[in-house]
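So the structure is just underneath, and the comments pick up after that.
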Amino acid sequence: MPAIAKILIGLTAALAAGWVSHGPLGRGEAFVNRLQAQSEVVIRQAELPDVTVRFPRDPLARQAILSGNANDFQREGQGLFPGLNDRIRDVSGVSGLRWDDTDCCAPERS
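Everything in the sequence shown is counted per my numbering, starting at 1 for the first residue and increasing by one.
Given below as structure tokens:
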């Protein structure tokens with residue numbers, strides 16, 4: 001059997017195993033659920049009840065999407081005081097974050 005065929009068979013098997021584990025077996029969904037729960041704890045500890053966090057589910061992603069009322073100091077912190085952005089980034093497994101300001105900061109329509 002040629003070497004390229006062995007490589008392609010191994011690659012196909014590895015991709016199939018990863019897809020089965022994270023798709024039908026639900027390990028990817030469980031991981032994202034755990035990230036969301038840990039991020040919600042961080043928000044509760046920061047005492048910002050108007051801020052919510054969610055993670056995309058279709059497709060699954062590790063990027064936190066925050067929304068709600070928080071000023072620049074609460075979001076970014078200052079000096080030795082970390083803001084909510086840094087605290088969420090410190091949750092193990094979170095790849096990044098962004099703020100969805102459409103809920104709280106959209107201009108009023110006349």
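Idealized CB from N, CA, C, for every residue including glycine. For clarity, every value in this text was computed on a predicted model and none was experimentally measured.
Asked: Assigned exposure category for N33 - 16 Cβ within 10 Å defines buried; Found: exposed
Asked: Per-residue DSSP class, three states only, for S95; Found: coil
Asked: Beta-carbon proximity of L84 to V20, cut-off 9 Å; Found: no
Asked: Helix, strand or coil at G28 according to DSSP, with G and I counted as helix; Found: helix
Asked: Among M1, A70 and A3, the one whose alpha carbon lies nearest that of D101; Found: A70
Asked: Given L35 as reference, the closest of A64, R98 and R75 once Cα atoms are compared; Found: A64
Asked: Rounded C-alpha distance that separates G77 from A46; Found: 11 Å
Asked: Spatially closest choice to L66 from V91, Q74, H22 and V53, by CA coordinates; Found: V53
Asked: Three-state secondary structure (DSSP) of F81; Found: strand
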